[in-house]
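A.B. asks: Just dropping this structure here.
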Amino acid sequence: MQLVNLKDASEQVSFAQAVKQGLGRNQGLFFPTEIPALDDIDGLLALPFAERSIKILSSLIGSELGEDMVAEIVNTAFTFPAPVAQVTDNVYSLELFHGPTLAFKDFGGRFMAQCLSRISDGNPITILTATSGDTGAAVAHAFHGLDNINVVILFPKGKISPLQQKLFTTLGDNIHTVAIESDFDACQALVKQSFDDPDVREGLHLNSANSINISRLLAQVCYYFEAVAQLPAEKRDQVVFSVPSGNFGNLTAGMIAKTMGLPIKRFIAATNLNDTVPRYLKTGEWAPNATVATMSNAMDVSQPNNWPRIEALIERGYLDKSVIRGESVDEEYTQLAMRQLLKEGYTSEPHAAIAYRAVSHDLEPGEIGVFLGTAHPAKFRETVENVLGTPLSLPQPLADCANKESLEAELPADYEALKAHMFALLKGE
Ligand SMILES: *Cc1c(COP(=O)(O)O)cnc(C)c1O
1 MQLVNLKDAS
11 EQVSFAQAVK
21 QGLGRNQGLF
31 FPTEIPALDD
41 IDGLLALPFA
51 ERSIKILSSL
61 IGSELGEDMV
71 AEIVNTAFTF
81 PAPVAQVTDN
91 VYSLELFHGP
101 TLAFKDFGGR
111 FMAQCLSRIS
121 DGNPITILTA
131 TSGDTGAAVA
141 HAFHGLDNIN
151 VVILFPKGKI
161 SPLQQKLFTT
171 LGDNIHTVAI
181 ESDFDACQAL
191 VKQSFDDPDV
201 REGLHLNSAN
211 SINISRLLAQ
221 VCYYFEAVAQ
231 LPAEKRDQVV
241 FSVPSGNFGN
251 LTAGMIAKTM
261 GLPIKRFIAA
271 TNLNDTVPRY
281 LKTGEWAPNA
291 TVATMSNAMD
301 VSQPNNWPRI
311 EALIERGYLD
321 KSVIRGESVD
331 EEYTQLAMRQ
341 LLKEGYTSEP
351 HAAIAYRAVS
361 HDLEPGEIGV
371 FLGTAHPAKF
381 RETVENVLGT
391 PLSLPQPLAD
401 CANKESLEAE
411 LPADYEALKA
421 HMFALLKGE
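If you want it as structure tokens, here you go:
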């Protein structure tokens, strides 16, 4: 697989390089120079999830890793299902929250961890990342116990929910967590400073594992196929996917699936009040506003970092812009949608509810809608209980860690203090 830097076409890299590097020069995203079309889609849809995913990913990655290695990676990473639940006559939910940290980020995080541990060939790596919740947990679980890889996760002390925090601070072993006495922006600034410091970047072999890594996107292509495989065969050419979007990685993956031949009729880019993309699709003007805080906080993004890849899919003629419609849903309609879903017998959380609202609003006769269930409702327990007025029980992974001891260190938002801490921890200095 060859990838090109979208900001500098003279930089072309292999899949392995793109996974290790994350971003290209000038912060450019890597994009495949070629997206293969799959033949015999019906035959593919008849296969079990892992077997089908091996074929899809082998076709994307090509001979670089070899089908045996791709099979090992998939069989280790995709160990939980992505079931489709019927919610109304013509609307379904694709539940992506049955992994160890109960959010769709488990698919990309686990696939990336397995790729990186094989690509790095036993050379030591340090994953350094800042989190406001979901990403940290997915990355921590994905890399836990892998040889020669250490993980350092920074989070703002006291600013994420106690349960969310326990999902990644209780693991121990190669997973090191640090509560920073400040906010999320300060954590991100410390990560950036570390990457800018050659002592740390080279001394500790840093990698960010963030959401722009190409391996995470490729993994996500697979569950769009899994969704269509579970729908009634006669409806398969009428499917509209509604994607609750923040950085737009999920939507990018869906569009790659369509490019490869999956019969998706169109997409809805569903956002909360951070509506840069829906406004752009209506007016043609890219005009991000300041980010506002909402109940669907994983989507509180006004400058989505994957959007250039969607533009590239359109500019390179793979898909027409008309395959995406935008829809922004405010806080009141988000709550209304959660209550409507409960009336249909389906308990959901704010992110998925936004996508449900957008699709139930927009479907045309004969179409069927699939909204992505990006997180388990218990991950947003307080909000869900407040809006729905019913208590939620904790699923096993959350119940398991609720009583474990938190192992994080605490540091002020001070770069030298963090640097000294990391060298002491990882180099025994
Ligand atoms: C990360 C996340 C999103 C947004 O996904 P993108 O790929 O960034 O658009 C939506 N919902 C939940 C629960 C998330 O954790």
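So for the sequence shown, UniProt numbering puts the first residue at 1; every next one is plus one.
Glycine residues also receive a C-beta, built at the ideal position from the N, C-alpha and C atoms.
#1: Is it right to say Val-292 is buried, meaning 16 or more other beta carbons lie within 10 angstroms of its own, or is it exposed?
#2: CB-CB under 7 Å to Val-70, same chain, minus the five flanking residues each way: which ones, in chain order?
#3: Would you say the beta carbon of Thr-101 comes nearer than 7 Å to a heavy atom of ligand 2?
#4: Looking at ligand 1, does it come within less than 7 Å of Phe-248, judged from the CB to the closest heavy atom?
#5: Just checking, does the stretch 22-38 make contact with the stretch 209-216 on the three C-beta pairs under 8 Å criterion?
#6: Does at least one heavy atom of ligand 1 sit under 7 Å from the Cβ of Pro-395?
#7: Can you tell me whether Thr-374 sits near ligand 1, meaning its C-beta is under 7 Å from at least one heavy atom of the ligand?
#8: Taking Cβ positions, are Leu-273 and Ser-328 nearer each other than 8 Å?
#9: Of all the beta strand (DSSP E) runs that stay within the bounds of the stretch 184-264, which reach a length of 3 or more residues?
#10: Taking only runs that begin and end inside the stretch 322-400, name each unbroken alpha helix (DSSP H) of 4 or more residues, in chain order.
#11: In whole angstroms, what separates the C-alpha of Ser-117 from that of Thr-390?
#12: Any idea if Trp-286 is buried or exposed, counting beta-carbon neighbours within 10 angstroms, 16 or more meaning buried?
#13: Is any beta-carbon of chain C found at less than 8 Å from that of Leu-251?
#14: Starting from Gln-86, trace the beta strand (DSSP E) both ways and give me its first and last residue.
#15: Consult DSSP for Ser-59 and reduce its assignment to one of helix, strand or coil.
#16: When DSSP labels each residue in this structure, what does Val-277 get in the three-state scheme?
#17: Residues bridged to Glu-95 by DSSP?
#18: If you reduce the DSSP assignment to three classes, tell me which class Gln-303 lands in.
#19: So, at 6 Å on beta carbons, what are the nonlocal neighbours of Gln-193 in its own chain, with the 5 sequence-adjacent residues on each side left out?
#20: Does DSSP classify Phe-78 as helix, strand or coil?
#21: Need the endpoints of the alpha helix (DSSP H) that Phe-423 sits in, please.
#22: Checking 8 Å against the spacing of the C-beta atoms, do Ala-402 and Leu-163 come in under that value?
#23: Quick one: is Thr-79 buried, meaning 16 or more other Cβ sit within 10 Å of its Cβ, or exposed?
#24: Would DSSP call Asn-297 helix, strand or coil?
#25: Taking contact to mean at least 3 C-beta pairs separated by less than 8 Å, is the stretch 194-203 in contact with the stretch 214-234?
#26: Cα separation between Glu-95 and Val-84?
#27: Does the stretch 366-384 come within contact of the stretch 232-250, defined as at least 3 CB pairs closer than 8 Å?
#28: At a threshold of 7 Å, does Met-338 count as lining ligand 1 (C-beta to nearest heavy atom)?
#29: At the level of alpha carbons, what is the spacing between Glu-429 and Phe-423?
#30: Quick one: using the 10 Å Cβ neighbour count with 16 as the cut-off for buried, is Thr-131 buried or exposed?
#31: Between the C-alpha atoms of Thr-101 and Thr-76, what's the straight-line distance to the nearest angstrom?
#32: Under 8 Å, with one C-beta from each stretch per pair, do the stretch 312-323 and the stretch 344-358 reach the 3-pair mark?
#33: Out of Arg-309, Ile-314, Arg-316 and Arg-279, state which residue places its alpha-carbon closest to the alpha-carbon of Ser-302.
#34: May I ask you to check if the CB of Pro-244 is nearer than 7 Å to at least one heavy atom of ligand 1?
#35: Given that a residue counts as buried once 16 or more other Cβ atoms are within 10 Å of its Cβ, and exposed if not, what is Ser-242?
C.D. replies: Put simply:
#1: exposed
#2: Ile-54, Leu-57, Ser-58 and Ile-61
#3: In the structure on display, ligand 2 does not appear, and the ligands it does have are ligand 1.
#4: yes
#5: With the cut-off at 8 Å, the stretch 22-38 and the stretch 209-216 touch.
#6: In terms of side-chain proximity, the C-beta atom of Pro-395 is found no nearer than 7 Å to any non-hydrogen atom of ligand 1.
#7: yes
#8: yes
#9: For the stretch 184-264, whole beta strand (DSSP E) runs of length 3 or above, ordered along the chain, are 239-244.
#10: 331-343, 350-362 and 381-388
#11: 43 Å
#12: exposed
#13: Of the protein chains in this structure there is only one, and it is not chain C.
#14: Where Gln-86 is concerned, the enclosing beta strand (DSSP E) starts and stops at 84-86.
#15: helix
#16: helix
#17: Gly-373
#18: Under the three-state reduction of DSSP output, Gln-303 falls in the coil class, being neither helix nor strand.
#19: Around Gln-193: Tyr-415.
#20: Reduced to three states, the DSSP call for Phe-78 is coil.
#21: 415-427
#22: yes
#23: Counting Cβ neighbours within 10 Å, Thr-79 comes out exposed, since fewer than 16 surround it.
#24: helix
#25: Touching, no.
#26: 6 Å
#27: yes
#28: Because no heavy atom of ligand 1 lies under 7 Å away, the Cβ of Met-338 does not count as near it: no.
#29: 6 Å
#30: Thr-131 is buried by the Cβ-count criterion.
#31: 16 Å
#32: no
#33: Arg-279
#34: yes
#35: buried
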